[in-house]
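Positions in the sequence shown are counted from 1; adding 30 to them yields the working numbering. The C-beta atom is built at its ideal place from N, Cα and C for all residues, glycine as well.
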Amino acid sequence: MTKLLKIMLVDDQKMANFINKKLIEVTDFAESIIDYTLPRTALSELEKEKPDLIFLDLNMPDINGWSFLDALKEKDDQTRVVIVTSSTSDLDKEKAQNYNQVIDFLIKPLNKNIILDLKNKLRPAC
31 MTKLLKIMLV
41 DDQKMANFIN
51 KKLIEVTDFA
61 ESIIDYTLPR
71 TALSELEKEK
81 PDLIFLDLNM
91 PDINGWSFLD
101 ALKEKDDQTR
111 VVIVTSSTSD
121 LDKEKAQNYN
131 QVIDFLIKPL
141 NKNIILDLKN
151 KLRPAC
């Protein structure tokens, strides 16, 4: 029996969170899903919520994904992160490799197969 995850979605677009939440639900990828449109709030709730995995958008106002990752690093928070972005930039992909907790870099829009692939990739780690 694989452990079902608690996933935190961080994206300033409510619709992106809604769609990703539905995809996670239909693929039975997580036991619980919490979503935030304000990255600052998500950061402050991290200790309380203790997610197993964070789906993180890069392009957000106020605190972007890179600043969010830097804040995780400062807190020495090892929560695994999946970057979910519309950016197809190789520079962003390379930059993501500088963060140990980033385990995948996915391009929006996500679909059921992308979530299932991620689920299969993580299966041994769960």
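Minimum C-alpha distance to residue i - residue among the options
i	options	result
Thr118	Ile137, Lys36, Asp107	Ile137
Gly95	Thr57, Lys80, Tyr129, Ile49	Tyr129
Asp82	Met45, Thr71, Phe59, Lys52	Phe59
Pro91	Lys151, Leu68, Ile63, Lys80	Leu68
Asp134	Arg110, Ile54, Ser74	Arg110
Ala126	Glu79, Lys78, Ser97, Met45	Ser97
Ile63	Glu77, Ile93, Asn47	Asn47
Thr57	Met38, Ser74, Leu76, Asn143	Asn143
Lys78	Lys52, Lys51, Met38	Met38
Secondary structure of residue i, DSSP reduced to three states
i	result
Met90	coil
Ser119	coil
Asn128	coil
Residues bridged to residue i (per DSSP)
i	result
Phe85	Leu39, Val112
Phe135	Ile113
C-alpha gap between residue i and residue j, whole angstroms
i	j	result
Ile49	Gln43	10 Å
Leu88	Thr115	6 Å
Val40	Gln108	16 Å
Glu61	Glu124	31 Å
Asp106	Lys149	25 Å
Ala101	Thr71	12 Å
Lys103	Gln131	9 Å
Ile93	Arg153	31 Å
Element boundaries [alpha helix (DSSP H), containing residue i]
i	result
Asp147	142-152
Leu76	69-79
First and last residue of the uninterrupted beta strand (DSSP E) at residue i
i	result
Asp65	60-66
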